[in-house]
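Chain order of the listed sequences is A and B. Count along the first sequence starting at 1, add 14, and that's the number in my numbering. Count along the second sequence starting at 1, add 103, and that's the number in my numbering. Positions of the beta carbon are idealized from the N, C-alpha and C atoms, including for glycine.
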Amino acid sequence: MSRHEQAQDGQVRNSKRTSDDRGYVIAESAFAIPMIAVVALIATAMVFVAMSILGMQDAVHTAARDIARGVPPDAVRSAIQMTHPHTTVTVAPTPQGVTVTVHRDIAVLGPLLSGLSVPVERQALVPWETGVGL
Amino acid sequence: MGDRCRFVNALKGEQGIASVFALALLTGLTVVVGATAAMAQWSIARSQVAIVADLAAVAAARQGACAAAELTALAHDVQLVECSWQGTDVTVSIGSPAVGPAARMLGAETIVAQSRAGF
């Protein structure tokens with residue numbers, strides 16, 4: 015068999031293999047790509063929830079400090095709700111100090127799937143400053 | 104020899120190659136998701152302990168007594184490790200048991216945060 019004939023034979027075999035396998039990559043990708051997208055979405059949602067929890071921790075810390083210093087609870091409540099919408103702020107003053115609780119249902123995928131939410135609650139207790147208290 | 108030929112022939116086709124790549128990618132992504140979750144848990148726990156240390160230090164400085172720091176720590180379910188005065192400044196250390204896979208990986212048994220406040 016001459017070199018030209020060998021090359022032609024190789025081309026025929028290559029084209030036959032391609033025609034046998036045609037569609038497999040697409041079919042497998044159609045199954046695999048959504049799976050990869052779901053895993054990537056879960057990772058993104060987890061980071062989003064973690065960032066929200068960290069933000070709420072800071073907010074409740076600041077709020078408790080402010081109330082213990084004598085800032086009116088309503089002002090603190092509206093300040094939190096401005097930076098963290100859809101949160102419920104509970105202020106419980108006791109003789110020892112003030113307990114501030116912030117509750118929020120974090121929508122894991124934002125507006126995409128509002129039914130899927132994680133309830134998160136953060137709490138901080140701060141003793142009253144001198145001259146402030148019940 | 105026969106097995107080797109079958110393996111080489113299987114590699115010549117493209118059937119299954121996308122699944123192999125996808126499986127490798129999925130495995131990698133799953134590891135990344137697990138690591139992300141562990142680090143997120145660790146960061147949240149560390150942040151919580153640091154915040155309580157801040158609150159305890161300020162409480163101790165304002166009331167002039169380590170008892171206020173201890174009260175604040177207990178109210179947040181963490182322990183007061185150390186409370187020391189240097190003039191009008193108080194340094195407070197707060198400790199909390201470390202839980203989760205990140206803590207095991209890092210070999211940390213407790214999360215300790217230190218804060219200083221003065222009046």
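In angstroms, rounded to a whole number, what distance separates the CA positions of residue i and residue j?
i: VAL199 of chain B; j: ALA93 of chain A; result: Here the sequence assigns Ser to residue 199 of chain B, which means Val is not the residue at that position. In a straight line, the C-alpha of SER199 of chain B is about 30 Å away from that of ALA93 of chain A.
i: MET104 of chain B; j: PHE124 of chain B; result: Only weak support exists for where MET104 of chain B lies, its pLDDT of 48 falling under 50; the coordinates are left without a value.
i: ALA141 of chain B; j: ILE197 of chain B; result: 22 Å
i: ALA77 of chain A; j: GLY221 of chain B; result: 20 Å
i: GLN217 of chain B; j: ALA41 of chain A; result: 56 Å
i: GLU185 of chain B; j: VAL195 of chain B; result: 6 Å
i: PRO99 of chain A; j: LEU130 of chain A; result: 17 Å
i: GLY111 of chain A; j: LEU139 of chain A; result: 7 Å
i: GLU143 of chain A; j: LEU128 of chain B; result: 55 Å
i: ARG91 of chain A; j: THR113 of chain A; result: 13 Å
i: ALA172 of chain B; j: HIS75 of chain A; result: 15 Å
i: MET49 of chain A; j: THR58 of chain A; result: 14 Å
i: SER29 of chain A; j: MET65 of chain A; result: Reliability of the predicted coordinates at SER29 of chain A is poor, the pLDDT of 48 falling under 50, and the value obtained from them is presented with this limitation in mind. If you take the alpha carbons of SER29 of chain A and MET65 of chain A, they lie about 53 Å apart.
i: ASP88 of chain A; j: GLN95 of chain A; result: 11 Å
i: GLN137 of chain A; j: PRO86 of chain A; result: 18 Å
i: MET208 of chain B; j: ALA162 of chain B; result: 34 Å
i: ARG27 of chain A; j: ALA44 of chain A; result: At ARG27 of chain A the pLDDT is 49, less than 50, meaning the model places this residue with poor confidence and gives no usable figure here.
i: ALA178 of chain B; j: THR191 of chain B; result: 25 Å
i: ASP72 of chain A; j: ARG79 of chain A; result: 11 Å
CB residue i to CB residue j, shorter than 8 Å?
i: PRO141 of chain A; j: LEU174 of chain B; result: yes
i: VAL134 of chain A; j: MET70 of chain A; result: yes
i: ALA159 of chain B; j: ALA176 of chain B; result: yes
i: THR104 of chain A; j: THR115 of chain A; result: yes
i: LEU68 of chain A; j: SER150 of chain B; result: yes
i: ALA82 of chain A; j: VAL132 of chain A; result: no
i: THR213 of chain B; j: ALA205 of chain B; result: no
i: ARG219 of chain B; j: VAL193 of chain B; result: yes
i: ILE120 of chain B; j: VAL39 of chain A; result: yes
Taking 7 Å as the line, does the beta carbon of residue i fall inside it for any heavy atom of the ligand PLP?
i: THR101 of chain A; result: Questions concerning the ligand PLP fall outside what the structure shown contains, since it holds no ligand whatsoever.
Output the residue ranges of the alpha helix (DSSP H) runs that lie fully inside the segment 76-136 of chain A and measure 4 residues or longer, sorted by chain position. Complete alpha helix (DSSP H) runs here, min 4: 87-97.
Along the segment 201-212 of chain B, what residues have a CB closer than 8 Å to any CB found in chain A? Hits within the stretch: zero.
Can you confirm whether the segment 110-127 of chain A touches the segment 145-154 of chain B when touching is taken to mean that 3 or more C-beta pairs between the two stretches lie within less than 8 Å? These segments do not touch.
With contact counted as at least three CB pairs below 8 Å, one residue from each stretch, are the segment 138-150 of chain B and the segment 160-167 of chain B in contact? Taking 8 Å as the limit for Cβ pairs, the verdict is that the segment 160-167 of chain B does not touch the segment 138-150 of chain B.
How do the segment 53-68 of chain A and the segment 128-136 of chain B stand: do at least 3 beta-carbon pairs fall below 8 Å, yes or no? Inter-segment contact for the segment 53-68 of chain A and the segment 128-136 of chain B is present: three or more beta-carbon pairs are separated by less than 8 Å.
Which residues, taken in chain order from the segment 139-165 of chain B, show a beta carbon closer than 9 Å to some beta carbon of chain A? Going along the segment 139-165 of chain B in chain order, one finds THR139, ALA140, MET142, ALA143, GLN144, SER146, ILE147, SER150, GLN151, ILE154, VAL155, ASP157, LEU158, VAL161, ALA162, ARG165 with a Cβ nearer than 9 Å to chain A.
Proximal residues, the segment 92-103 of chain A versus chain B, C-beta separation under 8 Å: Listed by position along the chain: nothing, the set is empty.
Residues of the segment 170-191 of chain B in Cβ contact with chain A at a cutoff of 8 Å, in chain order, please. For the segment 170-191 of chain B, the residues whose beta carbon sits under 8 Å from a beta carbon of chain A are, in order, ALA171, LEU174, THR175, ALA178, HIS179.
Pick out the complete alpha helix (DSSP H) segments inside the segment 162-206 of chain B, 4 residues or longer, and give them in chain order. Taking 4 residues as the minimum length, the alpha helix (DSSP H) runs contained wholly in the segment 162-206 of chain B are 169-178, in order along the chain.
Quick one: which residues of the segment 108-120 of chain A get their C-beta closer than 9 Å to a C-beta of chain B? List them in chain order. Using a CB distance below 9 Å, the part of the segment 108-120 of chain A facing chain B consists of GLN110, GLY111, THR113, ordered along the chain.
Can you list, in chain order, the stretches of the alpha helix (DSSP H) that have 4 or more residues and sit fully within the segment 116-156 of chain B? Counting whole runs of 4 or more residues, the segment 116-156 of chain B contains no alpha helix (DSSP H) stretch at all.
Using a beta-carbon distance cut-off of less than 9 Å, what residues from the segment 48-76 of chain A approach chain B? The residues in question are MET49, ILE50, VAL53, ALA54, ILE56, ALA57, MET60, VAL61, VAL63, ALA64, MET65, ILE67, LEU68, GLN71, ASP72, VAL74, HIS75.
Determine which residues of the segment 125-138 of chain B have a Cβ less than 7 Å from any Cβ of chain A, and write them out in chain order. Answer in chain order: ALA125, LEU128, LEU129, LEU132, THR133, VAL135, VAL136.
Interfacial residues, the segment 135-147 of chain A to chain B, with Cβ spacing under 7 Å: Using a CB distance below 7 Å, the part of the segment 135-147 of chain A facing chain B consists of ALA138, LEU139, VAL140, PRO141, GLU143, THR144, ordered along the chain.
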